Every structure is written in structure tokens, then in C-alpha cells.
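The structure appears right after this line, and notes come after that.
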Amino acid sequence: MAFTLPNGAALTLPPHATGADAAAAIGAGLARAALAVKVDGITLDLARELPTDGERRIEIITEKSGAEALELIRHDTAHVLATAMLELHPGVKISIGPAIENGFYYDFDFPDGVSLSDADFPAIEARMREHVRADERFVREDVSVEAALERFRAEQQPYKVELIEDLVRNAPVDAPVTSVSLYTNGPFTDLCRGPHAPSTKRIKAFKLQSVAGAYWRGDSARKMLTRVYGTAFLSQAELEEHLERLERARANDHRRLGPQLGMFQFSEVSPGAAFWMPGGTAVFNELVRLSREMGAARGYLEVKTPQVFDSHLWKTSGHWDKYRENMFVTEYEEREMALKPMNCPGHCQLYAMAPHSYRDLPLRLWEPGLLHRREASGTLHGLLRVRHFAQDDSHIFCTEEQIQAEVAGVLAFAADTYGLFGLDVHYELSTRPEVRIGSDELWDRSEAALAAALDSLGLPYVVNAGDGAFYGPKIDIHMTDSLGRSWQLGTCQLDYNFPERFDLTYIGADNAEHRPVMLHRALMGSYERFIGILLEHFSGELPLWLAPRQVTVLPISERHAAYAAEVLQRLAASGLRADVDSRDEKVGRKVRDAELAKVPYMLVVGDREAAERQVGVRVHGGGDLGAESLDGFIERVLARVRERDLLREGTA
RNA sequence: GCCGACGUAGCUCAGCUGGUAGAGCACUUCACUCGUAAUGAAGGGGUCGGGGGUUCGAGUCCCCCCGUCGGCUCCA
């Protein structure tokens, strides 16, 4: 048997050689370090006989193989967790336990009345450590479906039985499933595809992190299981580093930063709705101003539509059927009314209020509309998921021929917007779902138009097959928060449905009525979510133009109060957000507090500055820049604000 | 909405096996009048998330509700 190693060298092995044999043939050190073997891109256990077909490129996976090694031992650790859990809770039903991005989980079903909390972790971890220390081998065994079913029925493991039955049922006709693989480590045997490291001792460091509920098979109609999350590493040091990283990320959580910086707070009197303090309101307004300016330059027309609409409108739009449980419904004078959860029906209504010529299209309506959605309590998450928010929402009415150009325009606008903040976003194209309206031919064209627009701008994207809206495909733009959770910001959706439902028309060049196409788009998404993401992205150090407080004046003693007031007056008159720290404190203290508040500029004023009409400039994180004339300072800072400079002075 | 945990002063948190609340910061006042990351002293401030219950007595134990956090489902 001949193989090719990653460095191009040839390796010849006797027949029936295993991955372990291959590693040993290369070197004794490699044999000791080996975790698994990869043949033609497929990872296998070391103990398995190597396949003889294919190109036979072979690579030994060791602890130094990075992500692949981590994935292996995390999956191993999940098995060890299940091992310990079965010993500590003999009646527990096990389901699945995969490796995930930063660790692993295992889902359990505990007998009624038994619940798990993180207080139970030390005992479970101790039992897990015993199994790791015992250096138990992972032994693979291929058994017939019947034997496997019999085994898990005997062990009263219904989830495993269901998994096997589904494997058989969902197998393609030309490749029926007749056997499954089992992995045994110590006293525990699990249904598992593999691969695994040779033995439990390869798990060098692990930790259980949290317990959470998770629906069996992700289906909210099914039973909720108990999920235990954990992580594992190839050294204790790496584990600790990872945990420290998580700790640091928590300091960037917008829910901590927002109140700290005096931007917003939440209250029990209105769950899921932020109270915006002056500082946060300033940030919010700057963003609205930005989208207004950028939109105006790209042909968007600002409109304002009502907050509350008669249910007739929602019946026309389809929301009454599809979205009612997410709406705040009210009633007066025997009319059923609802707060708007989206702007589109209002914009359609507005479009229909006047006749339109093809010459008017595309018509780009924009509204930073306030929306209310009755989100389930468990889904609320700081500013990233709220019940009351505003979107930079637009509806573009155009002809079918204009679709691709309009989508390209929206994507270019999006790239400009995100570029201004240095945000690293990723794009997803969601295509036709099972339940949909419209002909396949229409969907072909719609999806092609969106894909063509993405391609024309050279934007990489992943396809979410079947994830489109029932009325059309969409492009979603995502970004991750400080803890690695992904959130959708922008969206661009193609819609043939609403124009139909609202009977929207335009008069074409042929003097006949035609149906326009509608594009729904938001770039920042909701201003609330966008601000949350920005806070985390900048660790609370918002760029100068966005900072809740841009300048703070620090008089050295009470004697300088008058000059400080004059400086503040000049700053405020030039449109800068500024204040004076007139507390009876030493400058050192005032500087410290301003630094902690992440204020971009601190102006120290004392006798020297007052005499020369200067200010002592200090930049956040950048130290003392020395004295400068007040006029010069204001001019320079205003220029940077106008440019919406991303970087802070002195930190470039 | 579902599973689990948590909820003490504006903030961060103490409060052992039940015996009618405490610290630091913040705030107010006074002294100091100060040059780039915490001046000192004094003082005010709490329905212990809300409501029931057990008990001679509940921040501590039990039940219900609300909110928050970690997930799941859903979503901008």
C-alpha cells in the first residue's frame, strides 16, 4: 500500500496497516503524539485499517494539528461526560453530544423530579477525571442495526433507538444502512460515527461550563432535554487562557458598558425597551443622522407613517395571520388596532396614495420607524433583542428590470455603511423555502438577481438553502458579538407578494398598469442592535463623532471655574458634546474618571491656559498632548467629527 | 414561550446552621485650592424584586408571580 505524506514524500505500508502503523512507520515520536489519521481528507481512528481506494493522501493528526485535534478531544470529552453522568445518575437517558465551535455539549434527559445545576459540576468533573486518568481506550465496533437496536432497547435508551431508526429510514435507497458504529470507552458505549482519539488520557484539560435546556432535535414541540456545555484543550494553560479570554469579553458586553457610559438602562416597568439617557440618545441620533445623510445622497426619500393601524391593514398584509402573536394589539371605539411591528404595510399604503409612472421608479422610501414586537420573554437580550426598536428601514418600489441594479445599490450602500465603522460582516443568501408563493421561474430569476448583485460586488457569501421568506429570497448581513454570538444586522429582501396584496401599480411606457416589485432593506438593522454591536466592537471607545461625551473640561481649582465655563460655552456653541468636571477634586482624580468614562478629549485648564486662552489637551488612552489655543483645538476636532474619523487621535 | 440559575443601598458585593441589615465606590456637607489615572473627615441613603405561607421570630425555609442571566425555539 502506497501513500503520499503532506510533504510529498511516499510512504509504503504492508497490507491491512492501520493509522497507528502509518504513524509508527514515520517515526516513534509521531506515533506517541498521534491522535487520528486523515486519509484523503477523511479523519479516521488510528486503530482502523487504512482504506485502499482513493488517492491515498495521508496525514497524521497530532496535538499540534490545531482545530482538528481540539475537535477530536472535545468529542472525546463529551463521551467521558456521558460516562460520568450515567454512573452518577443511573436512570438518565442520553441523546447526542457533539463537539461545537468552542467546546462540546451533551444532551441528557433526567428522570422526573431530577434537575441539574452547575453546583453539580465539581462532582461530575471529579468522576470524569477518574476516567481520564484511567486512560480508557476508545474502541470502535461496527454492529448490525438489529444488534444496535436490541442493545439500546435493553439499556432503555430511547433517544439512541430513535436515532438509529431514523438513520435507517432516511438512508438513500441505493445505500441502505445495515450497520452502525459504536464506541466504547471504559464502562460506556455510545452510538457514534467517530472518529475518536486512541484513549481518554489524551484529554489534557477540560471544564464543564453551563447547563441549559435544549429541545430534542431542536423541535420546540418535543421534549426539553438538559444540555451540559463544556470545553476541552490540549493543555491546562490553553484552557485557562480561553477562560480568561471569555472573562475579558464579558467586560466588553454592551449591557455592562451602556449603563457604565451613561448611555441607556433597562427597567422592569418596560421589559425589552431601553431608557435612553442623554449620552445614548446622542449616539442614537448621530446614527439616524448618518443614515439620513447617506440615504439622501443615494436617492432615498424620507417619509413618516403612523404607529397604530387598523387591523384591516394587517389583514391585507398578511400579518394578522402570520405575525399576530408578535404584535401589540389594542382596541378603541370598537376598532381593533395594532402597533406596527414592521414598516412595510404603511409604506405600501403610502405608495398607493398616489398614481405612479414608470418614470418615477425606482421609488426609495425611507423611515427610521419605531417598531414594537411582542418578543417572547426568554429571547430578550440587552439592546440586541428588544421589544421596542427603530429600524433604518427602506422599501424600494421598482420594475423587474431594475431589481439587480437596485440590489447592487443596496449592497454597495451597506458596504459603505459598515466600512465607516470597520465592521467585519458576513453575507448569507437565503433561497426558496418549501412553503412559498410564486412560480419556480420567478424564484429562479429572483435568486439569480440577488446572487448576481453579490457577485458583481465581489462579496463572498454562504447560501442558506430553504431559508428565504415565503414571498421571496433575501440577503442577510450578520456580525458577531463579544461572546461570539452571531446577530443579523442588515437585510435585503425581494418581494413580489406585498405589491400584489396591496394592489400596487405603476403606469408603464405602454400606458398600461403594471405591478412593481418591492425590495425591503435595512442596513444597520435596528439602531438599538447596531449600537449594542458597536459598543462591543469598540470596547466602549466609540469614535469621536459618535462618543456620547466628546470633550470634558477639567478646571484645576475653583479659581478656574469661570474660564472653564467659557471654554464649555465655546465647545457647546460649536456643536460638540461637552461638559465641565467642576467637582472639588484634584486634576488627577478628574483625569482618572474621564479616562474611565472613555471621553475622547480632556481639556485641563489652569492659570496658564486662562492667561493664554489655551487648553491643555489630553486624549483618551494617548496622554498629554500639551497646550494649544482653544480656537485651534475646536477647529481641529470639528474637522475630525465632520470626517467621521474612525480612529481616535493618538491611537492610530 | 421552554429548561436551569440568580435578584440585598445608585453601582459591585458581604450577610454561617432563621434571632428585626453591612463594606467599598457613588451621593451630600465641611476642610484643603490642588497641573494629567483615586485628598481627608463627617453625613444621608435599604418595602432585602413583588405577593402569600411556615415559625414566637424570615434577607435566610416553602409556594406563586415579575425581572435578569446562560441556553433552546423564534428573530432586526
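Residue numbers (our numbering): 10 to 661. Heads up, the beta-carbon is just placed ideally off N, CA and C, and yes, glycines get one too. Predicted model, so just to flag it, every value in this text is computed and none were measured.
Residue i in three-state terms, based on DSSP
i       : result
Glu-150 : strand
Cys-353 : helix
Ile-542 : helix
Thr-92  : helix
Glu-6   : Examination of residue 6 is not possible in this model, given that the chain is present from 10 through 661 alone.
Asn-506 : helix
Phe-511 : coil
Asn-194 : strand
Met-303 : helix
Met-286 : coil
Arg-66  : strand
Glu-456 : helix
Glu-443 : coil
Arg-259 : helix
Ile-35  : helix
Val-237 : strand
Thr-86  : helix
Met-10  : coil
Met-488 : strand
Gln-245 : helix
Pro-609 : coil
Lys-599 : helix
Arg-651 : helix
Leu-348 : strand
Whether residue i touches residue j by CB criterion (8 Å)
i       : j       : result
His-529 : Gln-497 : no
Asp-401 : Met-488 : no
Leu-380 : Pro-354 : no
Asp-588 : Arg-627 : no
Leu-44  : Arg-202 : no
Val-560 : Leu-544 : no
Ile-275 : Trp-285 : Note on identity: in this sequence residue 275 is Phe, with Ile being the wrong assignment. Cβ distance not < 8 Å, so Phe-275 and Trp-285 don't count as in contact.
Leu-248 : Lys-216 : yes
Val-395 : Ala-531 : no
Leu-451 : Phe-406 : no
Glu-376 : Glu-311 : yes
Ala-135 : Tyr-114 : no
Asp-54  : Gly-36  : no
Met-94  : Phe-117 : yes
Ser-367 : Ala-521 : The amino acid occupying residue 367 in the given sequence is Tyr; Ser does not appear at that position. No.
Neighbourhood of residue i by C-beta distance below 8 Å, restricted to the same chain and skipping five residues each side
i       : result
Thr-13  : Ala-19, Leu-20, Glu-64, Arg-65, Arg-66, Ile-67
Leu-459 : Val-416, Leu-438, Pro-482, Lys-483, Ile-484, Cys-501, Leu-503
Asn-16  : none
Tyr-572 : Pro-564, Val-614, Glu-618, Ala-619
Chain-order list of residues whose beta-carbon lies under 7 Å from that of residue i (same chain, five-residue window excluded)
i       : result
Ala-478 : Gln-502
Asp-49  : Gly-63, Glu-64, Arg-65, Arg-66
Glu-295 : Trp-554, Leu-555
Leu-264 : Residue identity differs from the one stated: residue 264 is Arg in this sequence, not Leu. Excluding sequence neighbours, Arg-264 sits near Gly-391.
Val-154 : Ile-173, Val-177, Val-186, Thr-187, Ser-188, Val-189
Pro-9   : The displayed coordinates of the chain run from 10 to 661. Any statement about residue 9 would go beyond what the structure contains.
Ala-258 : Ser-491, Leu-492
Ala-570 : Pro-564, Ser-591
Ala-661 : Its pLDDT being 44, under 50, Ala-661 is placed unreliably in this model, and the value from its coordinates should be taken loosely. No residues qualify anywhere along the chain.
Tyr-474 : Sequence inspection shows Ala at residue 474; the Tyr mentioned does not correspond to that position. Cβ neighbours of Ala-474 beyond the five flanking positions: Thr-440.
Expected contact under 8 Å - CB spacing of residue i and residue j to nearest Å
i       : j       : result
Asn-335 : Arg-383 : 5 Å
Asp-199 : Ala-91  : 6 Å
Thr-235 : Gly-222 : 7 Å
Val-646 : Leu-585 : 7 Å
Glu-77  : Ile-70  : 5 Å
Ala-241 : Gly-112 : 7 Å
Phe-430 : His-546 : 7 Å
Tyr-168 : Ser-104 : 4 Å
His-356 : Leu-374 : 5 Å
Sequence-distant residues of the same chain with beta carbon closer than 6 Å to residue i, five excluded per side
i       : result
Pro-120 : Gly-100
His-140 : Val-89, Thr-92, Gly-195, Thr-209
Ala-457 : none
Arg-524 : Pro-508
Asp-85  : His-205, Ala-206, Ile-212
Ala-108 : Glu-80, Arg-83, His-84
**Item:** Contiguous alpha helix (DSSP H) assignments of at least 4 residues, all confined to the stretch 360-440
**Value:** 412-430
**Request:** Entirely within the stretch 166-217 and at least 3 residues each: give me those beta strand (DSSP E) ranges in chain order.
**Result:** 188-194, 197-200
**Message:** Please give the ranges of any alpha helix (DSSP H) in the stretch 511-597, keeping only runs that are unbroken, at least 4 residues long and fully inside the region.
**Reply:** 536-546, 570-582
**Within the stretch 94-165, ranges of the alpha helix (DSSP H) (whole runs, at least 4 residues)** = 130-142, 154-163
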